[in-house]
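Heads up: the structure comes next, in structure tokens.
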Amino acid sequence: MGSRILLSVLAGEIGARLQGEDIEVSGIAGVDEAVPGQVTFLSNPKYLLRARETKASAVIAKQPISGLGCAFLLTPDPYLAFALAVEQFHPPVRLAAGVSAQASIHPTAVLGKEVHVGPFAVVAEGAVVGDRVTLYPGAYVGKGAVVGEDAVLHPHVTLYEGVRVGKRVLLHAGCVIGSHGFGFAPTPQGYRKIPQVGTVEIGDDVEIGANTTIDRASLGVTRIGPGTKLDNLIQVGHSVEIGRDTVIAAQVGIAGSARVGNRVMIGGQTGLAGHLEVGDGVILGAKTGVAVSLKSDENRAWSGVPAMPHRTWLKMATLLPRLPEIFRRVARLESGKPAEGEE
Amino acid sequence: MGSRILLSVLAGEIGARLQGEDIEVSGIAGVDEAVPGQVTFLSNPKYLLRARETKASAVIAKQPISGLGCAFLLTPDPYLAFALAVEQFHPPVRLAAGVSAQASIHPTAVLGKEVHVGPFAVVAEGAVVGDRVTLYPGAYVGKGAVVGEDAVLHPHVTLYEGVRVGKRVLLHAGCVIGSHGFGFAPTPQGYRKIPQVGTVEIGDDVEIGANTTIDRASLGVTRIGPGTKLDNLIQVGHSVEIGRDTVIAAQVGIAGSARVGNRVMIGGQTGLAGHLEVGDGVILGAKTGVAVSLKSDENRAWSGVPAMPHRTWLKMATLLPRLPEIFRRVARLESGKPAEGEE
Amino acid sequence: MGSRILLSVLAGEIGARLQGEDIEVSGIAGVDEAVPGQVTFLSNPKYLLRARETKASAVIAKQPISGLGCAFLLTPDPYLAFALAVEQFHPPVRLAAGVSAQASIHPTAVLGKEVHVGPFAVVAEGAVVGDRVTLYPGAYVGKGAVVGEDAVLHPHVTLYEGVRVGKRVLLHAGCVIGSHGFGFAPTPQGYRKIPQVGTVEIGDDVEIGANTTIDRASLGVTRIGPGTKLDNLIQVGHSVEIGRDTVIAAQVGIAGSARVGNRVMIGGQTGLAGHLEVGDGVILGAKTGVAVSLKSDENRAWSGVPAMPHRTWLKMATLLPRLPEIFRRVARLESGKPAEGEE
Chain E
80 MGSRILLSVL AGEIGARLQG EDIEVSGIAG VDEAVPGQVT FLSNPKYLLR
130 ARETKASAVI AKQPISGLGC AFLLTPDPYL AFALAVEQFH PPVRLAAGVS
180 AQASIHPTAV LGKEVHVGPF AVVAEGAVVG DRVTLYPGAY VGKGAVVGED
230 AVLHPHVTLY EGVRVGKRVL LHAGCVIGSH GFGFAPTPQG YRKIPQVGTV
280 EIGDDVEIGA NTTIDRASLG VTRIGPGTKL DNLIQVGHSV EIGRDTVIAA
330 QVGIAGSARV GNRVMIGGQT GLAGHLEVGD GVILGAKTGV AVSLKSDENR
380 AWSGVPAMPH RTWLKMATLL PRLPEIFRRV ARLESGKPAE GEE
Chain H
80 MGSRILLSVL AGEIGARLQG EDIEVSGIAG VDEAVPGQVT FLSNPKYLLR
130 ARETKASAVI AKQPISGLGC AFLLTPDPYL AFALAVEQFH PPVRLAAGVS
180 AQASIHPTAV LGKEVHVGPF AVVAEGAVVG DRVTLYPGAY VGKGAVVGED
230 AVLHPHVTLY EGVRVGKRVL LHAGCVIGSH GFGFAPTPQG YRKIPQVGTV
280 EIGDDVEIGA NTTIDRASLG VTRIGPGTKL DNLIQVGHSV EIGRDTVIAA
330 QVGIAGSARV GNRVMIGGQT GLAGHLEVGD GVILGAKTGV AVSLKSDENR
380 AWSGVPAMPH RTWLKMATLL PRLPEIFRRV ARLESGKPAE GEE
Chain C
80 MGSRILLSVL AGEIGARLQG EDIEVSGIAG VDEAVPGQVT FLSNPKYLLR
130 ARETKASAVI AKQPISGLGC AFLLTPDPYL AFALAVEQFH PPVRLAAGVS
180 AQASIHPTAV LGKEVHVGPF AVVAEGAVVG DRVTLYPGAY VGKGAVVGED
230 AVLHPHVTLY EGVRVGKRVL LHAGCVIGSH GFGFAPTPQG YRKIPQVGTV
280 EIGDDVEIGA NTTIDRASLG VTRIGPGTKL DNLIQVGHSV EIGRDTVIAA
330 QVGIAGSARV GNRVMIGGQT GLAGHLEVGD GVILGAKTGV AVSLKSDENR
380 AWSGVPAMPH RTWLKMATLL PRLPEIFRRV ARLESGKPAE GEE
């Protein structure tokens with residue numbers, strides 16, 4: 080917060096070109112909240128009008144904003160430059176190495192170098208925790224689970240037995256990895272549980288949101304590819320495979336054995352049925368219901384329940400409120416009367 | 080449970096008028112479950128028939144129920160009177176003050192008077208916990224977080240670093256406040272995390288349901304206004320602002336930077352896209368999908384995906400199953416045949 | 080993993096008939112992953128083509144698969160036989176009896192025989208934990224709660240005060256049972272909380288998924304019948320009653336006072352409004368919105384928002400993307416022009 084930096088230096092760090100006076104700035108804030116002495120950014124054009132009113136001393140943007148007298152840090156990718164600028168003012172802090180006397184580390188567990196283990200964290204029998212890992216209070220690493228270097232487990236994360244988590248993985252509070260898949264065989268005496276004896280593997284650089292749940296495979300592996308980002312309260316069923324650099328918004332549900340490709344984008348509250356495939360680069364709108372496989376062809380964007388091409392959905396959605404009208408118009412035609420208002 | 084109270088006294092406490100005999104009652108229960116000696120209530124007219132069969136000795140209601148010979152506690156607002164009556168029989172209990180020897184309190188943390196801190200609760204560096212706060216086992220108050228007077232944190236609640244929670248706030252088990260917003264800048268090498276360095280502020284008298292998640296702002300503040308009530312498993316994205324006395328049912332998702340007004344009511348499983356506004360007093364039905372801003376004008380109630388006026392939605396919803404019929408009827412018109420059954 | 084078993088013996092254990100050579104096998108895997116020396120299974124006919132390519136030494140199936148030279152374990156119910164076979168190779172393991180010195184057991188709590196209580200688990204005042212119960216680290220059994228014999232509570236499970244859980248119940252990490260129902264009476268000064276003084280009762284042999292939440296009744300009891308299975312991230316509102324052997328997929332929401340019968344099946348992300356009934360044996364598709372009671376008559380399967388018979392929904396769903404077309408066709412009819420392409 081207190082750090083000050085010259086705009087020319089900041090420009091170098093974030094890959095931007097300075098236009099305007101080379102003053103010192105001391106922080107970064109949104110267009111509405113920024114005060115003199117701070118930097119802001121314009122990435123979403125929706126905010127252009129509000130950016131014109133900003134009190135910031137410099138704006139990270141694609142091009143200078145007319146009518147605004149401050150300095151500009153110009154770059155073709157203001158959103159990425161913004162990310163880098165925030166890091167300049169708020170460099171990531173790692174908790175001090177050390178294992179709390181109030182933690183529970185099984186004698187057979189292996190802890191890497193410079194780990195931070197908070198109070199009431201648990202590392203169970205035979206688990207392996209990599210170098211520089213942070214286990215916040217109450218984080219639980221089950222029997223034989225493996226946590227890669229530099230991973231961070233926030234409070235009350237649960238890794239069930241045998242789960243494997245990659246390097247630099249960030250697990251938010253309360254997420255659960257490796258719970259039992261939902262599989263039961265009906266019998267005359269009620270349901271018989273299918274033992275869930277597979278596991279989960281989370282690739283490097285994955286981020287998983289708060290209270291998200293990822294079930295272990297019944298046999299084999301539930302897999303989340305490297306670089307993939309999951310938001311909060313998502314459900315990933317057993318034996319699901321998700322590729323790399325895929326982004327999934329909150330409250331999405333993916334049923335068992337579905338396969339989701341690389342660089343897929345899934346909007347919030349969308350649901351995928353089990354045993355289907357979603358191809359690389361597919362984009363699913365919010366609240367979509369996917370019941371069949373979607374290939375990665377020229378039509379990439381889908382919406383609706385059931386999923387249809389997004390453009391079709393947009394047209395359909397506009398007409399939906401007019402369903403009563405079409406029934407009236409058809410009844411009129413049937414009765415032989417002229418169209419309403421001679422339309 | 081064991082407490083007994085005269086109906087006349089109870090009437091005074093709950094703002095009702097006694098009609099009938101002034102007997103002692105010893106508890107309160109639903110219309111079906113109540114036994115002689117107990118009070119029940121009729122608020123939802125759907126239950127009128129069942130209320131007629133109640134065995135209760137007194138009914139809290141708007142007006143006497145014909146054919147029912149018991150006493151009545153009459154009031155224009157039976158639901159509120161019911162709430163007050165339950166409090167009479169089940170006065171709120173505060174856990175005894177004291178800090179468990181099995182808790183973890185950082186030396187720089189500040190605890191108010193008469194706090195209750197259960198085993199395995201954590202109060203991190205520089206955090207401030209107000210007077211009479213209850214921290215159930217496993218509750219986690221992060222670095223520099225602030226918890227207002229009389230707040231209650233149930234087991235496994237997580238308050239990330241710097242989050243601020245108002246007075247009398249009730250946080251249910253497993254809810255997470257201050258997790259990272261979901262923001263990533265795409266780069267040729269994969270996604271780059273936008274550091275999430277803002278915070279969350281929860282107003283006084285807010286209640287937040289079990290396993291609900293509220294993300295911190297990337298910059299600035301995610302805000303929940305005073306008196307607002309959130310049910311279980313809700314997702315609130317980064318930089319969202321919710322007004323006062325708003326009520327949100329379970330499994331709702333609110334995407335980043337959305338603004339929700341005062342006295343809004345949102346039904347379960349509804350989703351709001353990011354960067355939009357929902358005006359004061361708006362009512363959103365269950366499973367609604369809101370993609371654009373909704374003003375607080377004469378049309379207050381919305382439903383459907385995408386959201387349309389609730390009345391329009393009702394008409395549309397009735398006709399939806401008849402879509403095959405309209406296709407048949409149009410094909411018939413096109414073929415020049417008379418309408419089906421000469422309708 | 081290391082155990083080896085003769086196919087004839089395995090056949091006896093799982094109620095199948097061996098056809099082919101009686102060799103020893105050492106494990107079980109999916110059709111794609113199985114290697115020589117392992118067993119696999121074919122239950123879903125979708126996987127027939129892939130089963131033909133399996134490298135497994137034996138296949139559990141209804142009938143021999145043509146073109147596949149391995150042994151077969153034939154049974155009318157391959158899925159159940161598969162469940163039993165997995166148990167042969169992965170017999171359930173119970174954690175060693177014992178109470179961690181790092182747990183917190185109230186002096187008035189009662190622990191049964193051979194319980195396992197992990198570090199940081201809590202058994203509060205007057206709670207009763209049955210024989211052979213497993214409490215994983217961080218599991219919380221609230222004041223006066225009762226846990227039946229052989230139940231397993233995974234990490235960070237929360238049982239609020241007074242909740243009762245049956246025998247052999249399996250509770251996954253982070254699930255919350257007994258949180259407050261969502262009930263507030265509006266007043267001119269804001270919402271007044273309805274005290275939630277009822278409880279929850281979970282029948283025998285119930286399984287509840289990770290981070291699922293079940294609210295206590297305001298008065299009376301929220302009830303989950305024996306043998307019922309709930310997946311992850313489900314919301315069950317206050318005073319809900321769910322019958323026996325019902326199966327509910329992830330992210331379903333059931334609003335207050337709804338009643339769900341026996342042997343009901345509910346697809347993921349479906350929502351039920353409050354105060355309604357869903358009859359025995361009803362099947363609700365994924366993402367269904369149920370606003371009125373659904374009887375258990377000849378039409379058992381429902382889908383859509385609002386719910387309609389599943390067959391109607393299928394036809395409707397096919398036509399939905401063609402809504403723009405029907406508007407065009409009606410306009411054409413109104414204008415007196417011939418139908419498009421003379422169709």
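Chains as they are written, first to last, in our numbering: chain E, 80 to 422; chain H, 80 to 422; chain C, 80 to 422.
C-beta: ideal position from N, C-alpha, C; glycine also.
- Taking CB atoms only, residue 233/E has a neighbour in chain H less than 8 Å away.
- For residue 266/H, at least one C-beta of chain E is nearer than 8 Å to its own C-beta.
- Taking 9 Å as the Cβ-Cβ cut-off, the stretch 186 to 203 of chain C approaches chain E at 197, 198, 199, given in chain order.
- In the three-state reduction of the DSSP assignment, residue 98/E falls in the strand class.
- Considering only 292/H, 192/H, 347/H, the residue with the shortest C-alpha distance to residue 335/H is 292/H.
- Looking at the DSSP output, residue 270/E shares a beta bridge with 265/E.
- Under the Cβ criterion of 8 Å, residue 324/E is counted among the residues facing chain H.
- For residue 187/H, there is no enclosing alpha helix (DSSP H), as DSSP marks it with neither H nor E.
- The three-state secondary structure of residue 414/H, taken from DSSP, is coil.
- Judged by their CB atoms, residue 157/H and residue 136/H are not nearer to each other than the 8 Å cut-off.
- Judged by beta-carbon spacing, residue 152/C lies beyond the 8 Å limit of residue 238/C, meaning their Cβ atoms are not closer than that value.
- Interface annotation, residue 341/H: not in contact with chain E, CB-CB separation never under 8 Å.
- The residues 201, in chain order, have a CB closer than 7 Å to that of residue 183/H in the same chain once the five nearest residues on each side in sequence are set aside.
- When DSSP assignments are scanned along the stretch 145 to 202 of chain E, the uninterrupted stretches of beta strand (DSSP E) that are 3 or more residues long and fall wholly within it turn out to be 150 to 153.
- Around the beta carbon of residue 177/C, fewer than 16 other beta carbons sit within 10 angstroms, so the residue counts as exposed.
- Distance from the CA of residue 102/C to the CA of residue 370/C, rounded to the nearest whole angstrom, comes to 56 Å.
- Cβ atoms of residue 100/C and residue 150/C come within 8 Å of each other, at about 6 Å.
- Cα atoms of residue 248/C and residue 389/E: separation of roughly 44 Å, rounded to the nearest angstrom.
- Per DSSP, residue 301/H lies in no alpha helix (DSSP H); the unbroken beta strand (DSSP E) holding it starts and ends at 300 to 303.
- The stretch 312 to 332 of chain E and the stretch 321 to 339 of chain C touch, with three or more beta-carbon pairs separated by less than 8 Å.
- Interface residue (Cβ-Cβ distance to chain H less than 8 Å): residue 98/E is not classified as such.
- Think of a sphere of 8 Å around the beta carbon of residue 405/H: the chain C residues whose beta carbon falls inside it are 405, in chain order.
- For residue 283/H, none of the residues of chain C pass the 8 Å Cβ criterion, the least Cβ distance being about 10 Å.
- Contact check for residue 251/H against residue 259/C passes: the beta carbons are separated by less than 8 Å.
- Going by DSSP, residue 280/H is part of the beta strand (DSSP E) stretching over 278 to 281.
- For the 8 Å CB-CB criterion, residue 199/E and residue 199/C form a contact.
- Rounded to the nearest angstrom, the Cβ distance from residue 409/H to residue 381/H is 30 Å, too far for a contact under 8 Å.
- According to the DSSP assignment, residue 140/E belongs to the beta strand (DSSP E) that extends over 137 to 140.
- One alpha carbon belongs to residue 108/E, the other to residue 172/C, and they sit about 54 Å apart.
- Relative to residue 230/E, the option among 401/E, 290/E, 286/E whose CA is nearest is 286/E.
- In terms of CA proximity to residue 206/C, 219/C leads the group 147/C, 400/C, 219/C, 324/C.
- In terms of Cα proximity to residue 188/H, the closest of 275/H, 221/H, 416/H is 221/H.
- Remark: C-beta atoms of residue 312/H and residue 290/H approach each other more closely than 8 Å.
- Chain order gives no chain C residues near residue 86/E, where near means a beta carbon separation below 8 Å; the closest approach is about 46 Å.
- 279/E is the residue among 340/E, 273/E, 279/E whose C-alpha sits nearest the C-alpha of residue 243/E.
- For residue 105/C, DSSP records no beta bridge to any residue.
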